[in-house]
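Numbering (UniProt numbering), first residue to last: 1 to 256.
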């Protein structure tokens with residue numbers, strides 16, 4: 001089982017989009033995939049159409065009390081552990097609790113024979129929940145918008161990774177993913193060149209094609225379900241193939 005946390009402490013980087021859609025691509029290729037929504041904003045949970053979520057359905061009991069993982073929901077061929085705003089309380093209750101930051105890692109160890117891939121949608125912060133996700137992961141996937149805010153976030157990302165590696169030395173960045181790229185904009189092209197000069201491994205950029213992303217969110221479905229075969233779907237397949245090549249995942253989907 002390989003575990004990834006999709007991480008950027010800055011909001012609006014594309015974490016949830018990558019978590020859901022890479023996860024769906026891997027599941028569609030035959031892998032057993034678990035998604036975990038660690039963000040109290042619950043964007044991933046809402047995207048897949050899960051409602052009526054209770055605190056015990058989230059990772060709250062894991063983070064606060066060291067319980068086993070809750071039974072996931074099954075949506076679009078994926079197992080999903082949802083979130084809701086009450087998960088934010090875990091931040092305060094974990095602080096100072098010995099071993100709390102490793103509880104998700106231990107809980108995942110108990111189900112490692114049930115999944116091939118776990119993808120964790122990390123909150124846009126450097127708080128306890130983000131640490132919980134990082135210390136449960138083998139690899140990070142780091143979306144970086146091709147905007148000035150993407151460049152501004154890089155020093156914080158490097159500091160966070162170094163701190164996490166003090167506790168989990170094997171944690172690495174499997175792939176940096178440039179997001180919201182618009183090749184018509186000089187600024188985006190310049191930022192991409194900067195990223196290419198300073199980050200590795202770096203995927204090809206994910207173009208800004210807002211309509212399909214937004215519409216699939218409204219439909220409560222991954223792009224591969226809502227708009228298969230579209231340019232956006234092919235973008236997702238390409239990034240998934242790059243991630244698989246970097247980490248040895250047996251992804252057999254399209255790469256064009």
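Beta carbons: idealized from backbone N, C-alpha and C, even for Gly.
For residue 60, same chain residues with a beta-carbon under 6 Å away, outside a window of 5 residues either side, are 87 and 90 in chain order. According to the DSSP secondary-structure assignment, residue 79 is paired through a beta bridge with 34 and 74. Out of 63, 182 and 184, the CA that lies nearest to the CA of residue 101 is found in 63. Residue 58 places its beta carbon less than 8 Å from that of residue 84.
Comparing C-alpha distances from residue 72 to each of 98, 217, 43 and 35 shows the shortest one belongs to 35. In this structure, the beta-carbon distance from residue 163 to residue 203 does not fall below 8 Å.
The C-alpha of residue 224 lies about 17 Å from the C-alpha of residue 46.
Excluding the 5 residues flanking it on each side, residue 11 has same chain C-beta neighbours closer than 8 Å at 124, in chain order. Rounded to the nearest whole angstrom, the C-alpha separation of residue 167 and residue 42 is 27 Å. DSSP places residue 218 in the uninterrupted alpha helix (DSSP H) bounded by 210-219. Taking the CA atoms as reference points, residue 214 sits about 36 Å from residue 110.
Counted as a single uninterrupted DSSP element, the beta strand (DSSP E) harbouring residue 172 occupies residues 172-179.
Rounded to the nearest whole angstrom, the C-alpha separation of residue 160 and residue 29 is 33 Å.
By the neighbour-count criterion, in which a residue is buried when 16 or more other Cβ atoms sit within 10 angstroms of its Cβ, residue 14 is buried. Note that the C-beta distance between residue 175 and residue 155 is not below 8 Å.
Pairwise C-beta distances place the stretch 142-150 in contact with the stretch 173-188, as three or more of them are shorter than 8 Å. In the structure shown, residue 118 adopts extended strand secondary structure according to DSSP, grouped into three states.
Fully enclosed alpha helix (DSSP H) runs of no fewer than 4 residues occupy 15-28, 43-47 and 60-65 of the stretch 14-66, in order along the chain. Between the alpha carbons of residue 96 and residue 229 lies a distance of about 49 Å. In the three-state scheme derived from DSSP, where H, G and I count as helix and E and B as strand, residue 9 is classed as coil.
The criterion of a C-beta distance shorter than 8 Å is not satisfied by residue 20 and residue 53. Leaving aside the five residues that flank residue 93 on each side, the residues in its chain whose CB is nearer than 6 Å to its CB run, in chain order, 64. Here DSSP, grouped into helix, strand and coil, assigns residue 140 to strand. Beta-carbon to beta-carbon, residue 31 and residue 116 are separated by about 4 Å, close enough to satisfy the 8 Å threshold. Judged by DSSP secondary structure, residue 85 falls outside any alpha helix (DSSP H); it is assigned neither H nor E.
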